[in-house]
Each structure stands twice: as structure tokens, then as C-alpha cells.
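Colleague:
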Amino acid sequence: MSGRVRHIGGFILGGVAALLVDLAVLELLTRGFSLSPFIARLPAIAVAMVASWLINRTITFAVETPPTLAEFAKFAAVSWVAQAVNYSAFALILLAFPSLPPAAAVILGCGPAVAVAYAGFRFGVFRKPTPAGTSRS
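Numbered per the numbering used here, the sequence shown finishes at 1393, counting up by one with no gaps.
1) May I ask you to report which of helix, strand or coil DSSP gives Thr1324?
2) For Gly1288 and Ala1345, what's the separation of their Cα atoms in angstroms?
3) Measuring only the C-alpha atoms, how far is Val1362 from Arg1383?
4) Can you tell me which of the three DSSP states Pro1357 falls into?
5) Spatial neighbours of Phe1267 within its chain, please: CB distance less than 6 Å, with the 5 preceding and 5 following residues excluded, ordered by chain position.
6) Could you pull the start and end residues of the alpha helix (DSSP H) that Gly1266 belongs to?
7) Is the number of C-beta pairs between the region 1333-1341 and the region 1352-1372 that are closer than 8 Å three or more?
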């Protein structure tokens, strides 16, 4: 598999897997534990973030070094910013359309969050180091 196909496919896989985990935890907490979707979404995002980090570091960005707490902290920071974008859209959609299922509001809020996440992962978290004595162009 070419590097570009693996990279793009890995990012899509990481995003879809995170979305499915997010939706599963959201459904479990709202239906199984009767939590408000506004509250249930927070732990759903946290669990989904771990799944996304593992897929993105392994497949999308093919990081060969062992994972570190610092890397995860950077990933978490980028993910929470992206999820703040998604959560804002999610909340606005649910407030505007209260009869809409929460899962639909999650999906509708994904677009802008994806762009924020990719930029942060690519240029921040998983940026390949520049060899000593060279500069980035």
C-alpha cells in the first residue's frame, strides 16, 4: 500500500473508529444510564480519543518510536480543541432541533472538527523532526 493511501486511509479509519466509539459510549450512557446527551458526550469523547490516538500513531502517521505521555498529551490537546468545535456544533444542532437523535447531531458536527484535528495531528503531534542543520521549507 502506498504511503499516501495508507496515510489518508489511516486518518479516515481513525476518524470513523473514533466516531463509532463516541456514538457507542454516547448511546450507552444516554439510553443505559439515562444521562443527558450533553453530559454523556464528555466521557464518550475521551474514550474515542484513545482509539483515535492509537490508530493515528500506528497507521496514519506510522510513528516508529514507542508512545510517550508527552505525545498523548499533545494529541489530547489537539483532540479536545477539535472536539470543542464538534461539541459546539452538536449542542447548537440539538438546541435548534431538540427532537433530532443525539447521534445525528454528532455526525453533523464532524466536518469542521476533522479539519482542525488533521492540521493539529499533522503539523503538531506527529510532525517528523527536521534533521539537524536543515531548515523546513
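We put the beta carbon where it would ideally sit given N, CA and C, even for glycine. Everything numeric in this text was worked out from a predicted model, so none of it was measured.
Modeller: Taking the coordinates as given:
1) One-based indexing of the sequence shown puts residue 1324 at position 68. Reduced to three states, the DSSP call for Thr1324 is coil.
2) For the purposes of this step, residue 1288 is identified with residue 32 of the sequence shown, where counting begins at 1. For the purposes of this step, residue 1345 is identified with residue 89 of the sequence shown, where counting begins at 1. One C-alpha to the other measures close to 24 Å.
3) As a working mapping, residue 1362 is identified with position 106 in the sequence shown. As a working mapping, residue 1383 is identified with position 127 in the sequence shown. Their Cα atoms are separated by approximately 28 Å.
4) On the sequence shown, residue 1357 is found 101 positions in, with the first residue counted as 1. Three-state result, Pro1357: coil.
5) As a first step, residue 1267 is located in the sequence shown; it is residue number 11 there, counting from the start. Cβ neighbours of Phe1267 beyond the five flanking positions: Thr1316.
6) In the sequence shown, the residue the question calls residue 1266 occupies position 10. Note, Gly1266: alpha helix (DSSP H), Gly1259 to Glu1283.
7) Cβ pair count under 8 Å is three or more, so yes.
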